[in-house]
Amino acid sequence: MEKSRYPQVEMEIRKWGSKPSSLIQVLHGAQERIGYLSQNVLEYVAKRLNVSLSKVYGVVTFYNFFKTQKDADHIIMTCMGTACYVKNGEEVITAIEKHLGIKMGEKTSDGKFSLQIVRCLGACGLAPVISIDGDDVYGRLTPEKAVEAIKRYQ
Ligand code: FES
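When we follow numbering that gives the first Met the number 0, the leftmost residue of the sequence shown carries the number 0, and every step to the right adds one.
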């Protein structure tokens, strides 16, 4: 199991460019891939685009489609992009659903985990991949390793 730092955000930066004018697009894309924008992600984006943190806060508070709060204690983003799919990503997802007793798009009744699907987490070389709260990206998963990773947050 390998970890990587914000490949979801890097993917958006590659797409839109590492420049201040890309701020809204990068934040929007990052939120799509992570589920919400944590303090750490906002700081990371500010640094990478060479924008002040106050400017980043200004943007996320102005547009109400930006979410800075999680909808559960932990958001699990599971990847079903091509690279993850061909490396048995589906089995990983099935094992997670079984372990948590919920289906994709749902939240556990104790509000601890929500499960979402994403088309690519930007770490295809580590397929199959999941991310937890955006900060932690776990790759080269087997169903057992994915469950093991989730247990660290329980
Ligand atoms: S397809 Fe899963 S990380 Fe790219």
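Glycine is no exception: its CB is placed at the ideal position from the N, C-alpha and C atoms.
Predicted model, so just to flag it, every value in this text is computed and none were measured.
Could you pull the start and end residues of the alpha helix (DSSP H) that residue i belongs to?
i           : result
residue 67  : Per DSSP, residue 67 belongs to no alpha helix (DSSP H) and is neither H nor E.
residue 116 : Where residue 116 is concerned, there is no enclosing alpha helix (DSSP H), although the beta strand (DSSP E) it sits in stretches over 112–117.
residue 149 : 142–150
Taking a contact to mean a Cβ-Cβ separation below 8 Å, would you say residue i touches residue j in this structure?
i           : j           : result
residue 118 : residue 80  : yes
residue 70  : residue 106 : yes
residue 136 : residue 6   : yes
residue 111 : residue 72  : yes
residue 82  : residue 145 : no
residue 19  : residue 48  : yes
Mapping DSSP to helix, strand and coil, what is residue i?
i           : result
residue 19  : helix
residue 43  : helix
residue 123 : helix
residue 54  : helix
residue 32  : helix
residue 1   : A caution first: residue 1 carries a pLDDT of 49, below 50, which makes its placement in the model unreliable, though a value can still be read off. The answer is strand: DSSP assigns residue 1 an E or B state.
residue 90  : helix
residue 101 : coil
residue 153 : coil
To the nearest whole angstrom, what separates the beta carbons of residue i and residue j, a pair I think is in contact under 8 Å?
i           : j           : result
residue 120 : residue 130 : 6 Å
residue 140 : residue 91  : 5 Å
residue 78  : residue 127 : 7 Å
residue 35  : residue 66  : 4 Å
residue 58  : residue 26  : 7 Å
residue 40  : residue 133 : 6 Å
residue 74  : residue 115 : 7 Å
residue 14  : residue 28  : 7 Å
residue 22  : residue 55  : 7 Å
What does residue i pair with, by DSSP beta-bridge criteria?
i           : result
residue 130 : 76 and 136
residue 106 : 113
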